[in-house]
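As structure tokens, the structure follows; a few thoughts come after it.
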Amino acid sequence: MCIRERILFYQNASTSLEPNKNKRDHLLQVVAQYSDEFLNDIESLPAYQIKDNSLIDLKLNEVTNTEQIEPVIELIDKSIHNIGINPASPGHLGYIPGGGLYSSSLGDYMASVFNKYAGLYYASPGAVTLENKIIRWCADLIGYPITALGNITSGGSIANLIALCTARDHHQIVGAKIKKAVIYYSQQTHHCVNKAAKIAGLEQCVFRQIDLDHMYRMDATKLSKQIDQDQSEGLIPFFLAASCGSTDTGAVDQFDMLYETIKDLDIWYHIDAAYGGFFMLTSYGNELFKGINQADSVVLDPHKSLFLPYGTGIVLIRNGKHLFDSFNYTANYLQDANGDMLQNSPADLSPELTKHFRGLRIWLPLKLHGVAAFRASLDEKILLTQYLHEKLKIMGFVVGPKPQLTVCIYRYPIKNQNPNSFNQELLLNIQKDGRIFISSTTIDDKFWLRAAIVSFRTHLQTIDLFLSILKSEISKMLPNHSY
Ligand SMILES: *Cc1c(COP(=O)(O)O)cnc(C)c1O
């Protein structure tokens, strides 16, 4: 065979990669129908299903073809869909849920079909401009000056990593300085900050865990004392990690007080608002987060309090130049894009080069539903949490401090039994029931149940259902107990 014949042979053998209109229509129709059935039933589907993992059988080696997507959907249904946590369920109150807006998935669909190259302005000025407008919208929300820059990341962990790397480079924490540089955090700081330190080569820094007050907020006086002591020992205070809605308890640090403590020092002030950030849209959050704009960097997670499907975080750096200094690189094969330096291309502000066009999945929902709908839903979540907290107290639970945001912690007090094991068993019984999914945490050796009310689908009826499940499970566990 001559080379032309061989080329045509391979062209022929790969035609199925581009389905024609009829085939596309069929594929889309089956996928849309399957997704529709899911959304139509979302209220009654379990929030958690424990199943035999051995049933997971994805038959990765068997090829079907584009006419036969149905058997593939069946595999997804059996092995992925009906097993484990259902994060889209209104009853998902574990960890930090988000829900997953349908309109966002359509943004993703288009982003993938068009496959715009959103890493470089040169390649897709529109896509990069859109992403930068979203970053600016977030910066305005936080109250950041025009010098701020940021990046839309895959999630909060990567966003925290970018912030820490930027701080490290700006403060030139290298070589012998690493072991003298101090990172201040609290027991409520998300573990991804410690993980980021490890990845960033800062594992050997000095880590100071600052005590908390009665509301699980970092104690600014203790922070101040620790900094004084560190300075007198010749250490270099470097990085302060504050929380704007901790994952564990929803605690919001006192940003103004922390700022007062460090404002005359050369410390990078970081606020992790991965969970809490978008509550800034409400007047309650706006008041509670006063001073957040004084931070050098802030992390937000649209896949939490902006209800997006998983896969979107945001990092904002107050002085964007530092972000650019840490992450811009160029290469000969990118010489055509050299003008991009001035356009704030994501590739110059993050570790990524080729990336998913994440902007569309954020912008489409904001455009279609309007900010007011998000604000209302977040206000609803705040009130639902206060309602749950009150009801749990009435039911005899020991509850944590009044929720600052939308995480509530509680434990059932029990005499003559180990309270930790009792609450652990209660958790398992609720998970077995499956209509509501909650998770737990341990604080000062005590086992606490948690409920995080963040999904846009969680409403009053969800919380009432949860309360009735709690009552019936406790009645089963304590037959002599009555409500
Ligand atoms: C979820 C969370 C993170 C981690 O973000 P991912 O998007 O899961 O990577 C960091 N900090 C806080 C406070 C979080 O709630």
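Add 511 to the 1-based position in the sequence shown for this note's numbering, that's all there is to it. We treat Cβ as the ideally placed atom computed from N, Cα and C, and that holds for glycine. All values derive from a computational prediction rather than experimental measurement.
Practice task
Please work out which residues of its chain come closer than 7 Å, Cβ to Cβ, to residue 729, disregarding the five sequence neighbours upstream and downstream, and give them in chain order.
Solution key: Within its own chain, the residues whose Cβ lies closer than 7 Å to the Cβ of residue 729, once the five positions on either side in sequence are excluded, are 697, 721, 723, 753, 764, 769, listed in chain order.
Exercise for the section: Give the secondary structure of residue 768 by DSSP, where H, G and I count as helix, E and B as strand, and everything else as coil. Expected result: In the structure shown, residue 768 sits in a helix (DSSP, three-state: H, G or I).
Handout entry: CB-CB length for residue 818 against residue 986, believed under 8 Å
Key = The beta-carbon separation of residue 818 and residue 986, rounded to 34 Å, does not stay under the 8 Å limit for a contact.
Problem - Where residue 781 sits in the DSSP three-state scheme - result: Three-state result, residue 781: strand.
Handout entry: Top-ranked residue by Cα proximity to residue 772, from 758, 674, 731, 597
Key = Nearest of 758, 674, 731, 597 to residue 772, Cα basis: 731.
Handout entry: Buried or exposed by the 16-neighbour rule on C-beta atoms within 10 Å, applied to residue 844
Key = Per the 10 Å Cβ criterion, exposed.
Exercise for the section: Taking only heavy atoms of ligand 1 into account, decide whether any of them is closer than 6 Å to the Cβ of residue 783. Expected result: Under cutoff, so the answer is yes.
Problem - C-alpha distance - residue 590 paired with residue 616, whole-angstrom precision - result: Approximately 21 Å, taken between the alpha carbons.
Exercise for the section: In angstroms with no decimal places, state the Cα-to-Cα distance between residue 893 and residue 779. Expected result: Going by the C-alpha atoms only, they are around 31 Å apart.
Problem - Inter-stretch contact at 8 Å, needing at least 3 Cβ pairs: the segment 635 to 653 / the segment 675 to 682 - result: Short answer: they don't touch.
Exercise for the section: Could you tell me if residue 815 is buried or exposed, where buried requires 16 or more neighbouring beta carbons within 10 angstroms of its beta carbon? Expected result: A residue is called buried when at least 16 other Cβ atoms come within 10 angstroms of its Cβ; residue 815 meets this threshold and is buried.
Handout entry: Range of the contiguous beta strand (DSSP E) that encloses residue 940
Key = First-last for residue 940: 930 to 944, but that is the alpha helix (DSSP H), not the beta strand (DSSP E).
Handout entry: CA-to-CA distance, residue 964 to residue 454, given in whole angstroms
Key = This structure gives no information on residue 454, because the portion of the chain shown stretches from 512 to 994.
Practice task
Would you decide whether residue 716 is buried or exposed? Buried here means 16 or more other CB atoms lie within 10 Å of its CB.
Solution key: A residue is called buried once 16 or more other Cβ atoms fall within 10 Å of its Cβ, and residue 716 is buried on that count.
Exercise for the section: Confirm the yes/no value for this check: CB of residue 668, any heavy atom of ligand 1, distance under 6 Å. Expected result: Checking every heavy atom of ligand 1 against the Cβ of residue 668, one is found closer than 6 Å.
Handout entry: Three-state class that DSSP yields for residue 868 in the structure shown
Key = The three-state reading of DSSP puts residue 868 in coil, since its state is none of H, G, I, E or B.
Handout entry: Contact the segment 903 to 916 vs the segment 931 to 949: 3+ CB pairs below 8 Å
Key = No, they do not touch.
Practice task
Taking only heavy atoms of ligand 1 into account, decide whether any of them is closer than 6 Å to the Cβ of residue 758.
Solution key: Checking the Cβ of residue 758 against ligand 1 gives yes.
Exercise for the section: Within its chain, find whatever has a CB closer than 8 Å to the CB of residue 554; leave out the 5 residues flanking it on each side and keep chain order. Expected result: Here the set comprises 601.
Handout entry: Closest by C-alpha distance to residue 733, when choosing among 619, 695, 786
Key = Out of 619, 695, 786, the CA that lies nearest to the CA of residue 733 is found in 695.
Handout entry: ligand 1 heavy atom lying under 6 Å from the CB of residue 911
Key = Residue 911: no, Cβ never under 6 Å from ligand 1.
Problem - beta-carbon residue 703 near ligand 1 non-hydrogen atom, thresh 6 Å - result: Result yes, Cβ under 6 Å from ligand 1.
Handout entry: Residues bridged to residue 660 (per DSSP)
Key = When beta bridges are read from the DSSP output, residue 660 appears opposite 828.
Handout entry: ligand 1 heavy atom lying under 6 Å from the CB of residue 786
Key = Residue 786 Cβ: within cutoff of ligand 1.
Practice task
Spell out the partners DSSP gives residue 719 in its beta bridges.
Solution key: DSSP lists 695 as partners of residue 719.
Handout entry: Validate contact between the segment 827 to 846 and the segment 577 to 587 using beta carbons, cut 8 Å, 3 pairs
Key = The count of Cβ pairs closer than 8 Å, one atom from the segment 827 to 846 and one from the segment 577 to 587, stays below three, leaving the stretches out of contact.
Exercise for the section: Report, in whole angstroms, the separation of the C-beta atoms of residue 711 and residue 825, which I expect to be a contact under 8 Å. Expected result: The beta-carbon distance between residue 711 and residue 825, rounded to whole angstroms, is 19 Å. This is too long to meet the 8 Å contact definition.
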